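So for the sequence shown, my numbering puts the first residue at 1244; every next one is plus one.
Note that beta-carbon positions come from the ideal geometry of N, C-alpha and C, so glycine has one too.
Remember, predicted model here, so these are calculated numbers, not experimental data.
Following: one structure in C-alpha cells, then a few remarks.
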Amino acid sequence: MATLRKQYAVARPVYSEDSFAEDHEKVYRVRKTMLDHLKDYLTCDSKRAKNAVLSFLPIIGWMRIYRVKEWLLGDVVSGISTGLVAIMQGLAFSLLASLPPSYGLYTAFFPMLTYFFLGTSRHISVGSFPVLSLMIGAVVTRLVPDGGPSANITGFEGLNMTQQRVLVASSVTFLTGIFQLAMGLLQVGFIVMYLSDTLVSGFTTAAAVHILVSQLKFVLGLVVPGISGPLSIIYTLEKIFVQITSTNICDLVMSIVIMVIVFIVKEMNDMYKAKLPVPIPIEVIMTIIACGVSYGLNFKERYGIDIVGKMVSGYEAPIAPDMQVFQESAVEAFPIAIVGFAVAFSVAKVYSIKHDYTIDGNQELIAFGVSNIFGASFRSFAASTALSRSAVQESSGGKTQIAGLISAMMAMIVTVALGFLLEPLPTSVLGALVIVNLKGMLMQFREIPYLWRRDKPECVVWVGTCLGATLLGLDIGLAVGLGVELLTVIFRTQFPRCSVLANIPGTDLYRDRKDYLNIFEPKGVKIFRIPSPLFFANIEFFKDKLVEAVGFNPLRVLRKRNKAFRKIKKLLQKNSDDITEKGLRDLFSQPTDESEMKTDELDLSIDLKDLPFRMDWNAELAANMSVPRVDIHSLILDFAAVSFLDISALKGLKMVLKDFTRIDVDVYIVSCDVYILEKLHSCMFFDDEIQTSIFFPTLHDAMLHVLEQHGEGKHKGTVLTDTKL
C-alpha cells in the first residue's frame, strides 16, 4: 500500500478554550434526569407496544421473511444432521451431570421448544453443553453422593437415588433459569462483557480437564464415587490410580478404538468440509455399531461392562422444584447461569456477524431463562449451546431455528419410540465420545505462548482462571478468574505508561520523545501525557510520574524558596535596605535563627514585591542556602486520553496545578473532554489561581501560545514558521 504524502494547510487563530467559545457559539443541551428516563421507560403507546411484542417474540420477525423454497430444504437437512448429534451428545453429557442417559434426551427437546419462539439467534443449537453438565453434576454429587447418605432435604423422602438426583438437577436448572430471566428483565445483558474471551478460554479449558478426568472411570470401567469441591480433581485421580489394576479391558479397548476412529473421521470432516455436503455423523455410526456388537455378543454378561440399561419411554409428568435445593445450590446456580449465557451469546454473535443479522443480549437471557425453567419442569438439566453442534447446524445448510425444531423432534422420536434400541449401549462408549469431543477445548492450551508474547496480563488471566477452575472447582474458579481479570484492569489503569512528548519538526504532531531521533523540544517547555482516566487509585501515581518527568518536586521547591525568602527578609531588616542582589551571598553567610519559621506557612505563595531587586532562584546562592533549580517555565498536560476524573483526582489535580503555579511555572491542559470541563465548572475547580484560560483545544495551540508568550516563536522557527496551522 502506498504511503500517503498529500499536503494540507489550515489557517486559523491560535485558540484557547475561552477564545474558541467566544468565536463559536455552543448549543447547550438540556440533559435528561433519571426521572425523565424513568418516565420514558414507563410510557407506552401503540408503536412501543408493537416493538415490545416483536422484541419478545423474535420468531415473528424472521418468519415474516422466511423463504420457503430457498430455506426449507436446508433447514430440514440441517435439522436431521443436528438432531443425530444432539441425541448422542445428550446421552453422553448426561453422564457428566451424574444422571441416567435418557434425561439427556429431555435436554435436547424441551429447552429448544421455547427458544424457537423467544431466541434471537437463527443458528445456534440449544441443548446440553458439557461444561454446564459438569457444573450441574458437581451439585448433584454433593447433595446425593454415590457412597454416602443424601443431604437432609425433606423433598428426598420416598425417592430412590436416581429420583433424588433428577430432582436436584431439575431444581438447580430451574433456579438457573430464574437468574437468567431476572437478568434479562432487568436489562443486564451487558454483564457478559465482563467475561473476556481470554477468561472464557481459560475457564472452558479447565472444564475440559474436569470432563476428561470425570470420564476416565467410564472408559476404564471403574467404580469411582463423584467428588465435588476444591481439589476434587486431585482426589478423583487418586481414587482412579489406586484401583487402576481393576480396569475392565473390554471397556478400555472399545473406548480406544472408538476414540481413534471418531478422531480420524472428524479430522477428515474438517479437511474436506468444502466438498462434503454434510459432515459424516461418525458419532451416530459408532453408537449404532457399538449397540449392535454389545447386544449381539452380550457384553454385559460376558465381560461385566456397564450399559445404558432401561431407557425411560415417553415423557413423565412435570415436577415442581424443591425450595431446599434452591437454598443449597444458589451459589452454584448463578455461575451456571452466567457461563451458560456467555457461551451461547458468544457463539450466537459469531454467526450473527457471519450472516448479517442482529442478536439481543437481554432477549437471549430471557429466552434461555424461560427455556431452562420450562425444561426443568420436565426433568431436563441446564441448556446452552455446544460449538460443535451449532457448527453442524450452520454448515449443513440451516437458515433458521426451524432446523433446531426438527432436531428437537428427532430427540422426541427417540425418547418416545426408539429409546429401547440404545439400552445395550456401553457407558464407556459415551465416555469415549465425550473425551474425543474435548479436542477443541483442550487445544486452547496453545494460546498460552501466544498470549505471553503478545499480552502478558492477558496470559496471567488465562493461566489464573484455568488453574483456579481446575484446582478449586468451576464455580470458585470462575470467581477467581473474574478477580484476576479485575486486577489486570486495575493494574493497567492504576499504572499507565505515561510519557513526555516532543514536536515532530515541521508538523503539528507530537510523539513520545523516546521513540524518535529528529524531534523539537523548546527550551523551558515540558509536555506530559497520561493515557488513562484519573481517579482515586492512580492520582498519586500521576503526581509521582509528573515529578519524575519535570525533574523536581514543586512543593519541595516552594518550601525551599519560602525558607530562603524569609531568611532574606530577616537579613534585610537587620542590614541596610539598600542592598543589591550581588550582596546576597555575604548576607547568607551570616548565621540566622530558623526556629521561628512555621512549617504550615511554607506552602503559601511567595510575594517578591518587597525585595529591592529581582530575585533569580536559579542563580548560585550561598553555601548554606540550597534551592532546587527549575529549568522550565511552562508545563503542558495532554488530557486527550483522560476519559473521566473523579472527585479525588480533581482535588489532587488542583493541588498539582497550584504547586506549579506558585513556583512560577505556567500549566496548560490540552484536549480535555468537554464533559470533564463541565464537571470542573460544576465542582468549583476554578479560582483566582486556576483559571479557564489554561485550557486549550489542541496541543499545538498551547505550544504556539507558550512560545509566543516567552518570545521564542520567532527564534526557533521550527514550530511557528515551518508549520501552518
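Item	Value
With Gly1716 and Gly1445 assumed to form a contact (beta carbons below 8 angstroms), what rounded beta-carbon distance in angstroms separates them?	With 8 angstroms as the limit, Gly1716 and Gly1445 do not qualify as a contact, their Cβ atoms being about 14 angstroms apart.
Helix, strand or coil, according to DSSP, for Arg1255 in the structure here?	coil
For the beta strand (DSSP E) that Ala1745 lies in, which residues bound it at each end?	Ser1742 to Asn1746
When the Cβ atoms of the stretch 1417 to 1433 are set against those of the stretch 1505 to 1520, are three or more pairs found closer than 8 angstroms?	no
Going straight from the alpha carbon of Leu1410 to that of Ala1450, what length do you get?	24 angstroms
So for Leu1715, helix, strand or coil by DSSP?	helix
For a quick check, are the C-beta atoms of Ala1351 and Gly1370 less than 7 angstroms apart?	yes
Using the C-alpha atoms, what's the distance from Met1306 back to Cys1493?	51 angstroms
Just mark Ala1533 as buried or exposed, buried being the case when its beta carbon has 16 or more other beta carbons within 10 Å.	buried
Quick one: residues in its chain with C-beta nearer than 6 angstroms to the C-beta of Ser1775, no 5 flanking neighbours on either side, listed in chain order?	Thr1736 and Pro1739
Taking just the CA atoms, how far does Asn1746 sit from Phe1763?	5 angstroms
Out of Phe1771, Ala1252, Ile1691 and Val1679, which one is the CA nearest neighbour of Ile1875?	Phe1771
Nearest by alpha-carbon distance to Ala1560: which of Ala1619, Leu1465 and Lys1460 is it?	Ala1619
Is it the case that the stretch 1923 to 1940 contacts the stretch 1890 to 1901, given that we only count it when at least three CB pairs across the two stretches are under 8 angstroms?	yes
Measuring only between beta-carbons, confirm whether Ile1550 sits less than 7 angstroms from chain B.	Protein chains in the displayed structure number just one, and chain B is not present.
How about Gln1555 and Ser1364: do their beta carbons lie closer than 7 angstroms?	Before going further, note that residue 1555 is Val rather than Gln in the sequence given. No, the Cβ-Cβ distance between Val1555 and Ser1364 is not below 7 angstroms.
Does the stretch 1695 to 1705 touch the stretch 1724 to 1733, meaning 3 or more C-beta pairs lie closer than 8 angstroms?	yes
Report the rounded CA-to-CA distance for Val1374 versus Ser1259, giving the unit in angstroms.	58 angstroms
Is the CB-CB distance between Lys1897 and Glu1932 below 7 angstroms?	no
With DSSP run on the structure shown, which of helix, strand or coil describes Thr1286?	coil
Using a 10 Å radius around the Cβ and a threshold of 16 neighbouring Cβ atoms, would you call His1366 buried or exposed?	buried
Starting from the Cα of Asp1698, find the closest Cα among Thr1441, Arg1622 and Ala1591 and give me that residue.	Thr1441
Does the structure place the stretch 1422 to 1430 close enough to the stretch 1632 to 1647 that three or more beta carbon pairs sit under 8 angstroms?	no
Give me the residue from Arg1872, Phe1617 and Ile1719 with the minimum Cα distance to Ser1414.	Phe1617
Can you determine whether any heavy atom of the ligand ZN sits closer than 6 angstroms to the C-beta of Ser1595, and answer yes or no?	In the structure on display, the ligand ZN does not appear, and there are no ligands present to speak of.
Across the stretch 1460 to 1478 and the stretch 1643 to 1651, are there enough close Cβ pairs to call them in contact, namely three or more that are closer than 8 angstroms?	no
Going by the CB atoms, is the gap between Ile1678 and Gln1332 shorter than 7 angstroms?	no
Check for me: the alpha helix (DSSP H) holding Leu1459 runs from which residue to which?	Asp1440 to Leu1463
Does the Cβ-Cβ distance between Ala1625 and Ile1379 come in under 7 angstroms?	yes
Going along the chain, which residues of its own chain have a beta-carbon closer than 7 angstroms to the beta-carbon of Arg1408, five neighbours each way excluded?	Ser1341, Leu1342, Val1383 and Val1387
Between which two residues does the beta strand (DSSP E) containing Ser1877 stretch?	Ser1877 to Asp1881
List the endpoints of the continuous beta strand (DSSP E) containing Tyr1515.	Unbroken run through Tyr1515: none, as it is neither H nor E.
Along the chain, which unbroken stretches of the alpha helix (DSSP H) at least 4 residues long are found entirely within the stretch 1522 to 1555?	1525 to 1540 and 1542 to 1546
Quick one: what's got a C-beta closer than 8 angstroms to Phe1938's C-beta in the same chain, skipping five residues either side?	Ser1259, Glu1260, Asp1261, Tyr1911, Ile1912, Val1913, Cys1915 and Leu1920
Around the Cβ of Ile1487, are there at least 16 other Cβ atoms within 10 angstroms (buried) or fewer (exposed)?	exposed
Can you tell me the Cα-Cα spacing of Asn1491 and Ser1671, whole angstroms?	10 angstroms
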